[in-house]
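As structure tokens, the structure follows; a few thoughts come after it.
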Amino acid sequence: MATSVSVSATNNADIDGLLSGYKWTGTISYSFPDSPSDYASSYSGGNSEPTSAGFASAPSQMQAAINYAIGLILGYTNARIQYAGTNGADIMIAQSPSANPTSYAYYPGNYAAGGDIWFGTEYDYTQAKLGNYFFTTALHELGHAFGLKHSQETGGPANVAVPSAHDDSEYTVMSYRSYVGASTTSGYTNEAYGYPQTYMANDILALQTLYGANYNTQSGATVYTWSPTTGQEFINGVAQLAPGGGAGGSTNRIYETIWDGGAVDTYDLSNYTTNLTINLNPGASSVFSSTQLAYLGNGHYASGNVYNAYLYNNDPRSYIDNATGGSGNDTIIGNAIANVLNGGAGNDTITGGGGNDTIIGGVGTDTAVYSGNEANYAISYNSSSQAFTIADQRSGSPDGTDIVTGVEYFQFTDGTVASASFASPIVIEALGATSLVEVGNTYSMNSVAGGTGPRLKYGGAAVEDGMWAGWAPIGAEQTSTGYDVAWKNASTGQFNIWSTDSNGNYVTNLLSFDSGTSAALESYETTFHQDLNGDGVIGVRAMAIESAGSTSLVQVGNNYFLNPVAGGTGPELMFSSAPVTAGMWTGWAPIGAEQTSTGYDVAWKNASTGQFNIWSTDSNGNYVTNLLSFVSGTSAALESYETTFHQDLNGDGVIGVPAIAIESAGSTSLVQVGNNYFLNPVAGGTGPELMFSSAPVTAGMWTGWAPIGAEQTSTGYDVAWKNASTGQFNIWSTDSNGNYVTNLLSFVSGTSAALESYETTFHQDLNGDGVIGVPAIAIESAGSTSLVQVGNNYFLNPVAGGTGPELMFSSAPVTAGMWTGWAPIGAEQTSTGYDVAWKNAGTGQFNIWSTDSNGNYVTSLLSFASGTTVALESYEPIFHQDLNGDGVIGVPAIAIESAGSTSLVQVGNNYFLNPVAGGTGPELMFSSAPVTAGMWTGWAPIGAEQTSTGYDVAWKNASTGQFNIWSTDSNGNYVTNLLSFVSGTSAALESYETTFYQDLNGDGVIGIPSLTGAPSGKVTESFVFGSVLAGVNDLEYGAWDARLVRDLLDAYNGAHTGSLNLTDLALQAEAPLNHDLAELSDGHYIIR
């Protein structure tokens, strides 16, 4: 048993805020008691939890959660933990109403309750699954049992709480806060599967402070992967416990902290398509998927999916070494050691940080990020390996020396540089007649046709890369007097245009500090044969705001045009005879236009208020009137115009009034459009509207009721309704136009078999019981046939699969409760059909039916038999079942006796002569027919033994006390009687007792009893034996019978005072006597 000891403060609030002040020393045992007696009789320090009414062992699901948490603690720490079954232990986990409403645990302590965990009975802890409240409760309470306190509370050796920035479920399972700053009194606000799946970083560090850090955990090369669809973690390909049992959907969350003891460890996210953020620094978090982020409530999400544990005492062994990104645009950040960081596909940003890292950009446009200016690094390129070596030249080399491949840009604090610039001369652009080339740090303007042109100069000196912060030349083109050169400031997005002489010397600015949207800049784009501002157009940009329908709304500069989609130019949009310009009315902008018979309709939106206007213009684009004014995006009037504009104006994903598919199972889709319902074909097109009394059915028409499914029939449609408040269901039948005709079902509950029978019509699980249709219940599946109940009917299905016939009586299906008390309990296929076993639960009687191959009743093989009847038991092997529940399938074999080499066994009403050594012997026969129990009134066999010619069989009549001895042949057939109707005192019978190895007559002796000593001496005395004085007879000495002597002595001693001893007697007889006392004649005997 472990001992509780005190612990001291560390002066680190992240740790001290979790320390209760107590921990265990020695081997810590834990158990799941199943009885109050497993606890100390005096439960000191507790609250009488074991003896409270309602005590129970912890639910198996919580036991599994505790075992999982124990495994985590063993992985984090050097604690020695031992499972103690249901016995007493240091930490005993059970359930008691004393812990209501939730649960609690005792800190380690040297008293009976110390370390014990109690789950209350008000919560359904059987729902515990990884990631939900119940499961995480097990981690929380076990944390207390190992010495952790609540993070939000002061106390412990340092009397501090965990700092507020780390006091939530992202850092510790011991907090009452779902997110930083959340209430500690109003309960957790996490979503159902939004709870931590492991102990978190502060928990792990505190546990390691108490019990040391375990560096053997995953101490080999380890690859961690996760499922994007279920959140399940895999370690070296081995599946770990899945959140919510792997159900996906709302359980698809990843919310855990990783502790890895050593060797080379990798986060491999190559199966992800999202934009990942991976950070390998201790205590940092990584985001794999926003879908998999735990929702913590009140608009708060966890900052990451996976968190890294802190270093314990700055020991670097627990660093995660490597990371591999997915196909998205990932951000990967290394830590202080040498990392291998692989971006994978996508445009990735990779920061190696400290250490000598290997950075692999992969497919896409990737950037390696460094913390210093470009001048701080020595950069070289190996053309053979196509790898860059980037060595930090600063003191201490904070970024180390990295090997970089597949990266297009290096980002320094003073700018981002294309990696190609370090590999060979860089052609910045080669459009038009002139190519702008960077050679080293200078620029040349070469002819595209070939040869070298002048170097770009300013004030007679070569222009160098980075000469003006942020500015770089992006294009050049020869003119009649020299060259035009375009510049761009990457920081400000501004542009300049230079004019140079023919030698490349700067002459003047043609354009200065213009923005990318400047029409003047765009007018130069045709000169440079480039889209300088990156708007996708070379020249002044005509921006098609929309081109749906027949009219395209186009912005050219600040003006708007209503152009035909088919080509050409339409009128300009005008207001009061002046062009409408961008920003003319604050917040408002045109978003769509469509030609009408009289002019144009133009849609406007206010980006700030979300309101919409619809204009009508004449054929020249002049405003005439408003068709809609200041309507919201949810306005049905607005949505009705969407089809005119061929656009989803309000961004709800639908053009026109939205249609919501309530269900699309089967051939018919039940669709809600606004407040109305339509019965549309799943294959496409529109079906009739749902109608009642010739009027459309509308949402909320009948309080609580809503349609949940529809399916076309030969005469119209069936429509299923549900009342969300009462849980009741109705089924409508409509005509082919969707008009209500009648109710097929009315106000039935979800458990109604009638309702379930409609589920296959609707191709839906209407009542949510997990089954479409009436559920099939397997009554039994022994043998080759499974007896299955579907609703109230029974089917005889093959165990191997498929469906067999329905059980029938008089050509009608047999139904549950058809005959009061009777129910089928088993079925088995035969050569002609099926045998079906029935039982009456009230009387305990059984019937056996025989049916034809179609399941139709033919006859009863057994009727109203009791459970003890041999006839019933003989059917049990056919059904492969113990029908009568006596623990035996078939007729039970009863060993009457097993003395000697032969065992006399009764099977049902028959008898067998089996070898004691094993196996089966012959059946006992008489006149070639089996001997059966009760064949001769009062008589029963009591023993058997094999002889050289067959068997000897002893019989006894329980009423008369007489015995017979049979001799049979080797097949058990009766041959003759060796003894007939002898009494139990017969010496002849006793002489057979040694043959049978039994005391057949129950006198306590196997065989004839013997006397010690011989009679000697004579006594002259006479006495009467019997009732008739018939003279004096002398018993012959040679006819010695010990029992006879005893009887004579008893008779004598009963008539005289004193007694005679056997050794004092001499008995003589003149004639031989039958030694069977029952046959002795009365007489007068003399004892001499």
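The sequence shown maps to residues 23 to 1110 in my numbering. Glycine included, each C-beta is placed from N, C-alpha and C at the ideal position.
**Item:** Start-to-end residues for the alpha helix (DSSP H) that takes in V892
**Value:** 892–901
**Prompt:** What residues in its chain sit with their C-beta under 6 Å from that of D287, if we drop five residues either side in the sequence?
**Reply:** T244, I342, D343
**Request:** Locate the beta strand (DSSP E) running through T1017, then write down its first and last residues.
**Result:** Counting along the chain, T1017 falls outside any beta strand (DSSP E), though it belongs to the alpha helix (DSSP H) covering 1009–1018.
**Asked** Ordered along the chain, which non-local residues of its own chain (more than five positions away) have a Cβ less than 8 Å from that of N33?
**Response** A180
**Item:** Neighbour-count burial assignment, W46, 16 or more Cβ in a 10 Å radius
**Value:** buried
**Asked** What number of angstroms, rounded off, separates the C-alpha of L701 from the C-alpha of T708?
**Response** 7 Å
**Message:** If you measure between the beta carbons of N601 and N525, is that distance less than 7 Å?
**Reply:** Strictly speaking, residue 601 in this sequence is Pro, with Asn absent from that position. No.
**Prompt:** Going by other Cβ atoms of all chains shown within 10 Å of its Cβ, with 16 needed for buried, is L41 buried or exposed?
**Reply:** buried
**Asked** Since F168 is in the alpha helix (DSSP H), which residue starts that stretch and which ends it?
**Response** No alpha helix (DSSP H) holds F168; DSSP gives it neither H nor E.
**Item:** C-alpha distance - G216 paired with F310, whole-angstrom precision
**Value:** 15 Å
**Asked** Secondary structure at T108, three-state DSSP: helix, strand or coil?
**Response** coil
**Item:** Cβ neighbour criterion (16 or more within 10 Å) applied to Y1074
**Value:** Residue placement at Y1074 cannot be trusted, given a pLDDT of 47 that sits under 50; what the coordinates show is reported in the next sentence. It counts as buried.
**Message:** Report the CB separation of Q83 from F54 in whole angstroms; it is logged as a contact under 8 Å.
**Reply:** Actually they are not in contact, since the Cβ atoms of Q83 and F54 sit about 12 Å apart, beyond 8 Å.
**Message:** Which residue wins for smallest C-alpha separation from Q928, given the options A939, P952, G907?
**Reply:** P952
**Prompt:** Taking only runs of the beta strand (DSSP E) that begin and end inside the stretch 368–417, which ones reach a length of at least 3 residues, in chain order?
**Reply:** 371–373, 380–382, 389–391, 399–404, 409–414
**Prompt:** Touching or not, the stretch 810–828 and the stretch 754–761, by the rule of three or more beta carbon pairs under 8 Å?
**Reply:** no
**Inter-residue spacing [alpha-carbon to alpha-carbon] between W610 and G515** = 26 Å
**Proximal residues to T380 (C-beta, below 6 Å), its chain only, five neighbours per side dropped** = V362, I425
**Request:** Helix, strand or coil for S312, going by three-state DSSP, please let me know.
**Result:** helix
**Message:** Looking at the secondary structure, which residues open and close the beta strand (DSSP E) in which D674 lies?
**Reply:** Taken as a continuous stretch (DSSP letters only), D674 belongs to no beta strand (DSSP E), as it is neither H nor E.
**Request:** Using 10 angstroms around the beta-carbon of I280, count the other beta-carbons present and answer buried if the total reaches 16, otherwise exposed.
**Result:** buried
**Request:** Using alpha carbons as the reference points, say which of Q552, T73, D112, S173 lies closest to A24.
**Result:** D112
**Request:** Hey, could you find the ends of the alpha helix (DSSP H) I95 is sitting in?
**Result:** 82–98
**Message:** Which of the three DSSP states is assigned to N525 in this structure?
**Reply:** coil
**Message:** So V679 and A658 are supposed to be a Cβ contact under 8 Å. How far apart are they, rounded?
**Reply:** 6 Å
**Item:** When Q104, G136, G142, G48 are compared against G76, the one with the closest alpha-carbon
**Value:** G142
**Asked** Counting only beta-carbon atoms, is S872 nearer than 7 Å to chain C?
**Response** Structure shown: chain C not included; a single protein chain is present.
**Request:** List the residues that DSSP assigns as beta-bridge partners of N581.
**Result:** V578, T603
**Request:** Tell whether a beta-carbon distance below 7 Å holds between G356 and G374.
**Result:** yes
**Prompt:** Grouping DSSP H, G and I as helix and E and B as strand, with all else coil, what is I37?
**Reply:** helix
**Item:** Per-residue DSSP class, three states only, for R199
**Value:** coil
**Request:** Could you have a look at D908 and say whether DSSP puts it in helix, strand or coil?
**Result:** coil
**Request:** Please confirm whether T764 and S755 have their CB atoms less than 7 Å apart.
**Result:** yes
**Asked** Can N995 be considered in contact with the ligand ATP, in the sense that its beta carbon sits closer than 6 Å to one or more heavy atoms?
**Response** No copy of the ligand ATP appears in this structure; indeed no ligand is present at all.
**Item:** Of the listed residues H166, S619, G655, K627, nearest to D640 (C-alpha basis)
**Value:** S619
**Prompt:** In chain order, what residues of the same chain lie with their CB nearer than 8 Å to the CB of N109, ignoring the 5 residues before and after it?
**Reply:** S53, P55, D60
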